[in-house]
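Engineer: As given, the protein sequences belong to chains A and B, one line each in that order. Start counting the first sequence at 8; every next residue gets the next number (my numbering). Start counting the second sequence at 10; every next residue gets the next number (my numbering). Just so you know, even glycine gets a beta-carbon here, dropped at the ideal spot from N, CA and C. Just so you know, these numbers come straight off a predicted model, no measurement behind them.
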Amino acid sequence: MSATSLYVDRASPIHRLDPRSTLALVTALFVAGYTFDDPRYAAVPLTVAFLALVAVGGWRNFRRLSPIVAALFVVGLVVWPAFTQPGGRVLLDLGPITLSQREVLFALGRSERIAVFVVGGLLFVTTTSNEELVRGMRQLGVPYAFCFAVGTALRLFPTFLEAATTVKQAQEARGLDLTEGGVIARLRRSVPLLVPVFMTAFRNVNTQSMALEARGFDTRSERSFYGSSPLAARDWVVVVVAFIVVVAVVGLRLAGFGTL
Amino acid sequence: MTDRDEGVATRLRDVVFSYDREASLPDPNETDSDATDSAGRDAAVLRGVDLDVPTGSFTVIMGASGGGKSTLLRTLNGLIPDFITGSFAGEVEVLGRDATATRVSELATDVGMVLQDYESQLFGTSVTAEVAFGPENLAVPPAAIDDRIDDALALAGLSDLDRRREPAALSGGQKQRLVFAGVAAMRPDLLVLDEPTSDLDPSGTRRLLSAVGRLAGGRLDRVDAVDQPETVAPDDDDRTADAVAWAGPETVVMVTHKIEEALLADHAILLEDGRVSRAGPAREVFTDTAALRASRVAIPPLVAAFDEAGVPTADLPLTPAEAVDVAAAHGLSWTPPAYIGDDGPATEASATSVPAETGETLGDPCFELENVVFAYETDRGPKRAVDEVSLTIRTGEVVALVGHNGSGKTTLAKHLNGLHAPDAGHVRYDGREVTDYSMSAIGRDVGYVFQNPDHQLFADTVREEVEFGPQNFGISGEALDQRVSQALETVELTELADADPFALSRGQRQRVALAGILATDPAVIVFDEPTTGLDATQRDRFMRLVAELNRTTGLTVVAITHSMETVARYAPRTVVLEDGQVAYDGSTRRLFADRDRLDAHALQPPHVVDASNRLAAARDLPNALPALSVTELAAGLGGGDA
Numbered sequence: 008m009s010a011t012s013l014y015v016d017r018a019s020p021i022h023r024l025d026p027r028s029t030l031a032l033v034t035a036l037f038v039a040g041y042t043f044d045d046p047r048y049a050a051v052p053l054t055v056a057f058l059a060l061v062a063v064g065g066w067r068n069f070r071r072l073s074p075i076v077a078a079l080f081v082v083g084l085v086v087w088p089a090f091t092q093p094g095g096r097v098l099l100d101l102g103p104i105t106l107s108q109r110e111v112l113f114a115l116g117r118s119e120r121i122a123v124f125v126v127g128g129l130l131f132v133t134t135t136s137n138e139e140l141v142r143g144m145r146q147l148g149v150p151y152a153f154c155f156a157v158g159t160a161l162r163l164f165p166t167f168l169e170a171a172t173t174v175k176q177a178q179e180a181r182g183l184d185l186t187e188g189g190v191i192a193r194l195r196r197s198v199p200l201l202v203p204v205f206m207t208a209f210r211n212v213n214t215q216s217m218a219l220e221a222r223g224f225d226t227r228s229e230r231s232f233y234g235s236s237p238l239a240a241r242d243w244v245v246v247v248v249a250f251i252v253v254v255a256v257v258g259l260r261l262a263g264f265g266t267l
Numbered sequence: 010m011t012d013r014d015e016g017v018a019t020r021l022r023d024v025v026f027s028y029d030r031e032a033s034l035p036d037p038n039e040t041d042s043d044a045t046d047s048a049g050r051d052a053a054v055l056r057g058v059d060l061d062v063p064t065g066s067f068t069v070i071m072g073a074s075g076g077g078k079s080t081l082l083r084t085l086n087g088l089i090p091d092f093i094t095g096s097f098a099g100e101v102e103v104l105g106r107d108a109t110a111t112r113v114s115e116l117a118t119d120v121g122m123v124l125q126d127y128e129s130q131l132f133g134t135s136v137t138a139e140v141a142f143g144p145e146n147l148a149v150p151p152a153a154i155d156d157r158i159d160d161a162l163a164l165a166g167l168s169d170l171d172r173r174r175e176p177a178a179l180s181g182g183q184k185q186r187l188v189f190a191g192v193a194a195m196r197p198d199l200l201v202l203d204e205p206t207s208d209l210d211p212s213g214t215r216r217l218l219s220a221v222g223r224l225a226g227g228r229l230d231r232v233d234a235v236d237q238p239e240t241v242a243p244d245d246d247d248r249t250a251d252a253v254a255w256a257g258p259e260t261v262v263m264v265t266h267k268i269e270e271a272l273l274a275d276h277a278i279l280l281e282d283g284r285v286s287r288a289g290p291a292r293e294v295f296t297d298t299a300a301l302r303a304s305r306v307a308i309p310p311l312v313a314a315f316d317e318a319g320v321p322t323a324d325l326p327l328t329p330a331e332a333v334d335v336a337a338a339h340g341l342s343w344t345p346p347a348y349i350g351d352d353g354p355a356t357e358a359s360a361t362s363v364p365a366e367t368g369e370t371l372g373d374p375c376f377e378l379e380n381v382v383f384a385y386e387t388d389r390g391p392k393r394a395v396d397e398v399s400l401t402i403r404t405g406e407v408v409a410l411v412g413h414n415g416s417g418k419t420t421l422a423k424h425l426n427g428l429h430a431p432d433a434g435h436v437r438y439d440g441r442e443v444t445d446y447s448m449s450a451i452g453r454d455v456g457y458v459f460q461n462p463d464h465q466l467f468a469d470t471v472r473e474e475v476e477f478g479p480q481n482f483g484i485s486g487e488a489l490d491q492r493v494s495q496a497l498e499t500v501e502l503t504e505l506a507d508a509d510p511f512a513l514s515r516g517q518r519q520r521v522a523l524a525g526i527l528a529t530d531p532a533v534i535v536f537d538e539p540t541t542g543l544d545a546t547q548r549d550r551f552m553r554l555v556a557e558l559n560r561t562t563g564l565t566v567v568a569i570t571h572s573m574e575t576v577a578r579y580a581p582r583t584v585v586l587e588d589g590q591v592a593y594d595g596s597t598r599r600l601f602a603d604r605d606r607l608d609a610h611a612l613q614p615p616h617v618v619d620a621s622n623r624l625a626a627a628r629d630l631p632n633a634l635p636a637l638s639v640t641e642l643a644a645g646l647g648g649g650d651a
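See the structure below:
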């Protein structure tokens, strides 16, 4: 369990789902989050996604990203009002700058919309291992070379971070001081950090591609997928529920619900 | 059987290779090999290799660091010339196929290859997925992969590992064995291993090698020497036909720098200047001291000792068990170098009892560790990597820090120069808490050599790289030049001072990193696996230099190592860590005299020690302490200067 990977190995109901069903579930959350302007409606998929994330052991992941989510709402309150018309009661009056109720609700809704993507995405990566992701994409018809590239990128990221930590320690031990001096001096001194990190990554990628071939990896030929199985009954249930949610959400929206 | 013994698994003829695409290749038949370009990679690495690997053999390839061993291996599965571009000429026939005209992924069906850098050979997010990866690529039906995973993990000695764990979070040694398992699961006919045990602890090494030996068809009687308790029969219960059908690869080819592990092979090939300088049955090659020396390969310690004691070449022993018989046959009587009682109390390292005479004069306490605790955050709560460790290290001492992969050695060592601060307890250097020093103040006194040189090399030339540390500590001008030159000379890199560090071989890069620390002239050096990737000559030279610095300048040395030979020769005191706690702290010689203790800590004594323990047992000398070096062993046998 590396400290840098987002996948959390648990046996929750969502973990047990086929990656394709998890994808359907998360997609339904995304659609539900994206469809409504009214924050009270968008709050529903956000809450569902959040509770699910906590239930599957993703609290630590959420905590890691929580500053981003918080920033989303704060910055959103400043930015989003520019994209709508004022309306309703004025909640804040600072002379030239006013903030009406409608603007605040709009900003909140939009921020929630993005938060659904963040939390829903977290829910997906918390419950879906790399192999499952690659397998799921492959089973949905995505070319294997592309699936593998995505999987590798996700996997390399933590390795990259770990290497960066070690490099920093190694250079500090050699007397590199990153805390003093101006911007230029600091930039200059970042060379001993950046070069090893990138060279290590480069060397790794080089060895890795050799090792891949040596293990018979070939995007052109047939391969099998260990641990793949047809969709189980529960997977189908989730897919059907996700579909119903999407239809219901679109229907509600067309009927005029959730607008501002 | 005859067909197997007479067959040739791999045949190379006139193989010439340079990593430079536009290189003018040397004539493979031109024996004058003086045309070596000192920049290493511009010159041809292989300069006319002719070799045969007999089918059914366990063949070991040895030679100097940077001498083309890894390059040679890469021709065996088509990585050269299919994948790595360069200038190539010659014939390579592998298992009856023309390897120069076959794609790597095609050859992978029959040729399994474990490359050197295990970190970048892990592809899965779980142990299971990792081992399944190769079989998946070969389109093995998922149902048959289960058995392969079980077998491969058992072979690699990883049956107890939680299979859902992420490979990235495993210890170095576990990763290395996992890579091996991933390749073994592909069930190749030819298994090629490039330093497969470089980062393994002694018990991990033993398990892996006994697996290799077993895979090589159980034909190797000498494997018994390492194959100890935890033998795992890979097909001991109900298996599908697929599992039972595979009895291991017919042929194994391994590159290694560790002479004692090379002795397990039955066929040996020595490389020198990009050519095969000696090949033949392992016994013949490893008793040919002249050929070994010329190829910069360590002479097997027992061969060296018995040679010194006057035993004729034909009778020289390779293993400790043989040593007892040979001694008896030649009427050599064993006189131990010391007995329990005349080396001081058991808890204290006795300086005079170490052959290299390191750590003789001990000064004031240099490091004082008091109930040090350090924990890592994990998904399942904090895990204590260092658990209540108390130690005192005195100025001028040479201490070996040994223990399993993942026992907390590196984590503990990083407290010595402030890279880690203890969660609880105290780490004092020179009477002051390490955390009270600035990073550069402690760094100036305590040099730390990291395991992987690539984590610190960044400069355009070797010289600039070595200058970096001393410059940071404010040294300049003539003093700087002198230190840098001296450091480069020490690690034999003077000629490569202007070379690009990134173009050097792994062993050479390691030496650059070492020189970078030596040039800062520290009072203490902490080594994390100081000799990985160095060949026998370099390792010897390097350790002798460290010993000399210790004797002449009182350099304090803390060395994390899996090399029991290094421990025996240079460290009077050994600290064994287990699960973050000190399991033994005391005299190295005492530790090596105690078979039960060694077993309890899963430590494998070096051949010299093992042989002298067996000789003492044969003479019924219960209080005898073992020899720690070839010289001591030879002296005790009545040879050498004694």
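Tell me where the beta strand (DSSP E) around ARG17 of chain A begins and ends.
Structural biologist: No beta strand (DSSP E) holds ARG17 of chain A; DSSP gives it neither H nor E.
Engineer: Which stretch, first to last residue, makes up the alpha helix (DSSP H) that contains ALA171 of chain A?
Structural biologist: First-last of the alpha helix (DSSP H) with ALA171 of chain A: 151 to 180.
Engineer: Tell me which residues of the region 459 to 485 of chain B have at least one Cβ-Cβ distance to chain A shorter than 7 Å, keeping chain order.
Structural biologist: PHE459, ASP463, HIS464, GLN465, LEU466, PHE467, PHE477, GLY478, ASN481, PHE482
Engineer: Taking GLN465 of chain B as part of the beta strand (DSSP E), name the residues at either end of that continuous run.
Structural biologist: Per DSSP, GLN465 of chain B belongs to no beta strand (DSSP E) and is neither H nor E.
Engineer: So ALA133 of chain A and GLY40 of chain A are supposed to be a Cβ contact under 8 Å. How far apart are they, rounded?
Structural biologist: Looking at the sequence itself, residue 133 of chain A is Thr, so the reference to Ala does not match. Wrong, their Cβ atoms sit about 17 Å apart, outside the cutoff.
Engineer: Buried or exposed, going by whether 16 or more other CB atoms sit within 10 Å of the CB of ASN380 of chain B?
Structural biologist: exposed
Engineer: Just curious, the alpha helix (DSSP H) that SER216 of chain A is in, first and last residue?
Structural biologist: 198 to 221
Engineer: Mapping DSSP to helix, strand and coil, what is LYS423 of chain B?
Structural biologist: coil
Engineer: Where do the ends of the beta strand (DSSP E) carrying LYS392 of chain B lie?
Structural biologist: 392 to 403
Engineer: Please state the DSSP three-state secondary structure of GLY77 of chain B.
Structural biologist: Three-state result, GLY77 of chain B: coil.
Engineer: Would you list the one or two residues that DSSP bridges to TYR385 of chain B?
Structural biologist: Residue pairing by DSSP places TYR385 of chain B opposite B:LYS392 in a beta bridge.
Engineer: If I follow the unbroken alpha helix (DSSP H) through MET144 of chain A, where does it start and stop?
Structural biologist: Counting along the chain, the alpha helix (DSSP H) containing MET144 of chain A begins and ends at 137 to 146.
Engineer: Mind listing which residues of the region 66 to 97 of chain B have their C-beta closer than 9 Å to chain A's C-betas, in chain order?
Structural biologist: ARG83, ASN86, GLY87, LEU88, ASP91, PHE92, ILE93
Engineer: Which of the three DSSP states, helix, strand or coil, is assigned to VAL101 of chain B?
Structural biologist: strand
Engineer: Anything in the region 225 to 254 of chain A with a Cβ closer than 9 Å to a Cβ of chain B? List those residues in chain order, please.
Structural biologist: Per Cβ criterion, the list reads ASP225, ARG227, SER228, GLU229, ARG230, SER231, PHE232, TYR233, GLY234, SER235, SER236.
Engineer: Compare the beta carbon distance of ASN426 of chain B and TYR385 of chain B with 8 Å and say whether it is the shorter of the two.
Structural biologist: Cβ distance not < 8 Å, so ASN426 of chain B and TYR385 of chain B don't count as in contact.
Engineer: Determine, using beta-carbon pairs with one atom in the region 268 to 288 of chain B and one in the region 307 to 316 of chain B, whether at least three such pairs fall under 8 Å.
Structural biologist: yes
Engineer: Look at the alpha carbon of ALA165 of chain B and the alpha carbon of PRO151 of chain B, and state the distance between them as a whole number of angstroms.
Structural biologist: 21 Å
Engineer: Between the region 291 to 304 of chain B and the region 61 to 78 of chain B, do three or more beta carbon pairs fall short of 8 Å?
Structural biologist: Contact check between the region 291 to 304 of chain B and the region 61 to 78 of chain B: three or more CB pairs, one atom from each, fall below 8 Å, which counts as touching.
Engineer: Tell me the DSSP secondary structure of ILE278 of chain B in three-state form.
Structural biologist: ILE278 of chain B falls in the strand class under three-state DSSP.
Engineer: Do ARG222 of chain A and ASN86 of chain B have their beta-carbon atoms positioned less than 8 Å apart in this structure?
Structural biologist: no
Engineer: What does DSSP give as the partner residues of GLN590 of chain B in its beta bridges?
Structural biologist: B:GLU587
Engineer: Helix, strand or coil, according to DSSP, for HIS571 of chain B in the structure here?
Structural biologist: coil
Engineer: Check each candidate in B:ARG22, B:PHE383, B:ALA53 and name the one with the smallest Cα separation from PRO35 of chain B.
Structural biologist: B:ALA53
Engineer: Buried or exposed for ALA89 of chain A, going by 16 or more other Cβ atoms inside 10 Å?
Structural biologist: The residue is exposed, with fewer than 16 neighbouring Cβ atoms inside 10 Å.
Engineer: Identify the contact partners of GLU145 of chain B in chain A, using a Cβ-Cβ distance below 7 Å as the criterion.
Structural biologist: In chain order: ARG230, SER231, PHE232, TYR233.
Engineer: Where do the ends of the alpha helix (DSSP H) carrying TYR457 of chain B lie?
Structural biologist: Not the alpha helix (DSSP H): TYR457 of chain B falls in the beta strand (DSSP E), residues 455 to 458.
Engineer: Looking only at C-alpha atoms, which of B:ASP61, B:GLY77, B:THR64 sits nearest to VAL25 of chain B?
Structural biologist: B:GLY77
Engineer: Taking only the alpha-carbon atoms, compute the straight-line gap between LEU79 of chain A and PRO52 of chain A and give it to the nearest angstrom.
Structural biologist: Distance between the alpha carbons of LEU79 of chain A and PRO52 of chain A: 17 Å.
Engineer: Got a sec: which bits of the region 149 to 179 of chain A sit with their beta carbon under 8 Å from any beta carbon on chain B, in order along the chain?
Structural biologist: THR159, ARG162, PRO165, THR166, GLU169, ALA170, THR173, VAL174, GLN176, ALA177, GLN178, GLU179
Engineer: So the beta strand (DSSP E) ALA18 of chain B belongs to, where does it begin and stop?
Structural biologist: 17 to 27
Engineer: For the beta strand (DSSP E) that PHE67 of chain B lies in, which residues bound it at each end?
Structural biologist: 67 to 72
Engineer: Under 8 Å between C-beta atoms, does ASN426 of chain B make it to chain A?
Structural biologist: yes
Engineer: Hey, quick one: how far does the beta strand (DSSP E) through PRO258 of chain B stretch, first residue to last?
Structural biologist: No beta strand (DSSP E) holds PRO258 of chain B; DSSP gives it neither H nor E.
Engineer: Can you round the beta-carbon distance between SER596 of chain B and ARG582 of chain B to whole angstroms, since I take them to be within the 8 Å contact cut?
Structural biologist: Contact flag correct, Cβ pair sits at about 7 Å.
Engineer: Please list the residues of the region 427 to 448 of chain B that have a C-beta atom closer than 7 Å to any C-beta atom in chain A, keeping them in chain order.
Structural biologist: LEU428, MET448
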